[in-house]
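Here's the structure, in structure tokens; my notes come after.
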Amino acid sequence: MKDYTEIKSRLKGSITPVITPFKSNHDIDYDRFAELIQFQLENGTHGISVTGTSGEPSSLTLEEREQVMETAMKTINGRVPFVPGTGSTNHQETMRLTKKAEELGADAAMVIVPYYNKPNQQALYKHFKTVADSVEIPIIIYNIPGRTATNLHVDTLAKLNRDCPNIIGVKESNKDFEHVNRVLERCGRDFLLFSGIELLCYPMLAIGGVGSVSATANVLPGKVAQMHDAWFEGDVQTAQKLHYELMELNDVLFKDTNPAPVKAALGMMGKIEPVLRLPMDLPSKELQQEIQETLEKYGVSLQYA
């Protein structure tokens, strides 16, 4: 049986779910994408994820998702852990993408609860177990009931943790904090718990979580990373202070569906062309104005791509 102790010790802190930038013609802008990853690494981010919710995976073809993973892997070049999102509403696509992540040498794969089709708990167990059994790469399950319409129950997660040695953690985008507490109670304190809810990034650390996968880190990677650094160094006061400092930005970036506000913000920062693929689109002009004013409050240098 493969030992996952070493990789589990490295998977912690702020793992940024990097957006997928598009050109004005809606092609993927791979040059800007590599620059975004470099921006993250220069600002202390502890890990990189791609093609998760913030990466608009349902707007990408399978081939594009694979190319995005390859580009990220080359750009990161082993400097921090790489955890691509490989889940889909389609089981065979999930298998293909997870195997691709393993072939590329990714540190782990993040596999979302299938969205839209609302599988029951037995089906979820079979889905995740089949994927996990097909690879040796560590798996972090991604539970986001607000977007999948299905909540992975703690009992199901605990059974998967028991039966699949390479299922090593979960990203919980779950506002039910009692559920989140039960995850570590049932799966063990060494099970990796990541927050996917911005306002719960700090509280999840307090109950034994190891980090977060926060869309806000696309915009202010340094502050999000510093909050985690402070916590790991035992400086609770600084971590708490940064938690509250980030709250206003967290709020404005989720007044419309992620990643639309984040892309608007990155456009204002000159990092990307602010383009999404339909059916997604940019926020209203009013919200864009609010985002701009919020960025100015944070002292972010604004320019336009």
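Just so we're aligned, residue 456 is where the sequence shown starts under the working numbering, counting upward by one.
Heads up, the beta-carbon is just placed ideally off N, CA and C, and yes, glycines get one too.
- Query: Taking the C-alpha atoms as reference points, what is the distance between G651 and N480?
  - Reply: Locating residue 651 in the sequence shown gives position 196, where the first residue counts as 1. Locating residue 480 in the sequence shown gives position 25, where the first residue counts as 1. It is roughly 31 Å from the alpha-carbon of G651 to the alpha-carbon of N480.
- Which residue from A613, A563, V635 puts its Cα closest to that of L466? By one-based count along the sequence shown, residue 466 stands at place 11. The candidate whose alpha carbon is nearest that of L466 is A563.
- Query: Are P593 and I567 close, meaning C-beta to C-beta below 7 Å?
  - Reply: By one-based count along the sequence shown, residue 593 stands at place 138. By one-based count along the sequence shown, residue 567 stands at place 112. No, Cβ-Cβ distance for P593 and I567 is not below 7 Å.
- Taking F687 and V668 to be in contact with their CB atoms under 8 Å, please state how far apart those CB atoms are, rounded to whole angstroms. Your numbering for residue 687 matches position 232 in the sequence shown. Your numbering for residue 668 matches position 213 in the sequence shown. About 17 Å; that fails the 8 Å criterion.
- Query: Cβ atoms of L731 and T671: under 7 Å apart, would you say?
  - Reply: Position 216 of the sequence shown, counted from the start, is the residue given in the question as residue 671. Position 276 of the sequence shown, counted from the start, is the residue given in the question as residue 731. Cβ distance not < 7 Å, so T671 and L731 don't count as in contact.
- Message: Using only the alpha-carbon positions, how far apart do D610 and A661 sit?
- Response: Your numbering for residue 610 matches position 155 in the sequence shown. Your numbering for residue 661 matches position 206 in the sequence shown. The alpha-carbon atoms of D610 and A661 are separated by roughly 23 Å.
- Query: Given P600, which residues of its chain have a CB within under 7 Å of its CB, disregarding the five upstream and five downstream residues?
  - Reply: What you label residue 600 is simply residue 145 of the sequence shown in a count that begins at 1. Within the same chain, and ignoring the five residues on either side of P600 in sequence, the residues whose Cβ sits closer than 7 Å to its Cβ are N606, N629.
- Message: Spatial neighbours of P472 within its chain, please: C-beta separation below 8 Å, excluding the five flanking residues on both sides.
- Response: Along the sequence shown, read from residue 1 onward, the residue named residue 472 stands at position 17. The answer, listed in chain order, is S504, V505, G507, T508, S509, G510, G540, V668, S669, A670, A672, N673.
- Whose C-beta lies closer than 8 Å to the C-beta of A760 among residues of the same chain, with five residues either side of it excluded? Position 305 of the sequence shown, counting from 1, holds the residue named residue 760. Note that A760 has pLDDT 47, beneath the 50 cutoff, so the model's placement of it is unreliable and the number below is only indicative. Cβ neighbours of A760 beyond the five flanking positions: G722, G725, K726, I727, E728, P729.
- Can you say whether Q657 is buried or exposed, counting buried as having 16 or more other CB atoms within 10 angstroms of its CB? Position 202 of the sequence shown, counted from the first residue, corresponds to residue 657. According to the sequence provided, residue 657 is Tyr. The question's Gln does not apply to it. So Y657 ends up on the buried side.
- Query: In chain order, which beta strand (DSSP E) runs of at least 3 residues are fully inside the segment 571-659?
  - Reply: The segment 571-659 is shown to contain whole beta strand (DSSP E) runs of 3 or more residues at 594-598, 622-627, 647-650, in chain order.
- Same chain, Cβ closer than 8 Å to N713, five either side skipped, listed in chain order: Along the sequence shown, read from residue 1 onward, the residue named residue 713 stands at position 258. Result list for N713: T508, S509, A670, in chain order.
- Task: Select from L496, D736, R602 the residue whose C-alpha is nearest the C-alpha of A719.
- Result: In the sequence shown, the residue the question calls residue 719 occupies position 264. Of L496, D736, R602, the smallest CA-CA separation from A719 is found for D736.
- Between Q747 and V625, what straight-line distance do the alpha-carbon atoms span, to the nearest angstrom? Taking the first residue of the sequence shown as position 1, residue 747 is located at position 292. Taking the first residue of the sequence shown as position 1, residue 625 is located at position 170. Rounded to whole angstroms, the gap between the alpha carbons of Q747 and V625 is 33 Å.
- Query: What do you reckon, are the CB atoms on L579 and M528 nearer than 7 Å?
  - Reply: As a first step, residue 579 is located in the sequence shown; it is residue number 124 there, counting from the start. As a first step, residue 528 is located in the sequence shown; it is residue number 73 there, counting from the start. No, these two residues do not count as a Cβ contact at 7 Å.
- Cβ atoms of H501 and S469: under 7 Å apart, would you say? Here residue 469 is taken as the residue at index 14 of the sequence shown, counted from 1. Here residue 501 is taken as the residue at index 46 of the sequence shown, counted from 1. Inclusion of S469 and H501 in the CB contact set at 7 Å is warranted, their separation being smaller than that value.
- Query: How is the alpha helix (DSSP H) around V566 delimited, first residue to last?
  - Reply: Here residue 566 is taken as the residue at index 111 of the sequence shown, counted from 1. Going by DSSP, V566 is part of no alpha helix (DSSP H) but of the beta strand (DSSP E) stretching over 564-567.
- Message: Assuming T471 is part of the beta strand (DSSP E), what are its boundary residues?
- Response: The count along the sequence shown starts at 1 and reaches residue 471 at position 16. From DSSP, the beta strand (DSSP E) with T471 extends over 468-472.
- Task: Would you tell me roughly how many angstroms separate the C-alpha atoms of G499 and V691, rounded to the nearest one?
- Result: Counting from one through the sequence shown, the residue named residue 499 turns up at place 44. Counting from one through the sequence shown, the residue named residue 691 turns up at place 236. C-alpha of G499 to C-alpha of V691: approximately 19 Å in a straight line.
- Within its chain, find whatever has a CB closer than 7 Å to the CB of Y753; leave out the 5 residues flanking it on each side and keep chain order. For the purposes of this step, residue 753 is taken as residue 298 along the sequence shown, with counting starting at 1. The answer, listed in chain order, is L675, L704.
- Within this structure, are the beta carbons of A685 and T693 separated by less than 7 Å? To locate residue 685, count along the sequence shown from 1; it is residue 230. To locate residue 693, count along the sequence shown from 1; it is residue 238. Taking 7 Å as the Cβ cut-off, A685 and T693 qualify as a contacting pair.
- Just how far apart, CA to CA, sit T460 and S514? Working through the sequence shown from its first residue, we reach residue 460 at position 5. Working through the sequence shown from its first residue, we reach residue 514 at position 59. Spanning the alpha carbons of T460 and S514 requires a straight line of approximately 35 Å.
- Task: Measure the C-alpha to C-alpha separation of R617 and R641 and round it to an integer number of angstroms.
- Result: Taking the first residue of the sequence shown as 1, we reach residue 617 at position 162. Taking the first residue of the sequence shown as 1, we reach residue 641 at position 186. When rounded, the separation of the alpha-carbon atoms in R617 and R641 is 10 Å.
- E557 and V590 closer than 7 Å at C-beta: The residue you call residue 557 lines up with position 102 of the sequence shown. The residue you call residue 590 lines up with position 135 of the sequence shown. Against a cut-off of 7 Å, the Cβ pair of V590 and E557 comes out as a contact.
- Task: Measuring alpha carbon to alpha carbon, tell me which of L757, S756, A715, Q758 ends up nearest P738.
- Result: Against the sequence shown, residue 738 aligns to sequence position 283. Out of L757, S756, A715, Q758, the CA that lies nearest to the CA of P738 is found in A715.
- Hey, how far is the Cα of Q758 from the Cα of L750? Working through the sequence shown from its first residue, we reach residue 758 at position 303. Working through the sequence shown from its first residue, we reach residue 750 at position 295. Going from the Cα of Q758 to the Cα of L750 covers about 11 Å.
- What do you get for N598, buried or exposed, if any count of 16 or more other CB atoms within 10 angstroms of its CB means buried? Start at 1 with the first residue of the sequence shown, and residue 598 comes out as number 143. Flag for N598 reads buried.
- Limits of the beta strand (DSSP E) - the one that I503 falls within: Residue mapping note: residue 503 aligns to position 48 of the sequence shown, counting from 1. If you look at I503, you'll find it in the beta strand (DSSP E) that goes 502-504.
- Query: Just curious, the alpha helix (DSSP H) that Y485 is in, first and last residue?
  - Reply: Translated into positions along the sequence shown, residue 485 becomes position 30. Where Y485 is concerned, the enclosing alpha helix (DSSP H) stretches over 485-497.
- Task: Would you kindly work out how many angstroms separate the C-alpha atoms of P536 and I474, rounded to a whole number?
- Result: Within the sequence shown, the letter at position 81 stands for residue 536. Within the sequence shown, the letter at position 19 stands for residue 474. Their Cα atoms are separated by approximately 17 Å.
- Message: Whole angstroms are fine: how far does the CA of L612 sit from the CA of Q547?
- Response: Reading the sequence shown from its first residue, position 92 is the one you call residue 547. Reading the sequence shown from its first residue, position 157 is the one you call residue 612. C-alpha separation (whole angstroms): 21 Å.
- By Cβ distance below 6 Å, which residues in the same chain neighbour P476 in space, the five residues on each side in sequence not counted? Your numbering for residue 476 matches position 21 in the sequence shown. Excluding residues within five positions, the ones whose Cβ falls inside 6 Å are D484, R487, F488, I727.
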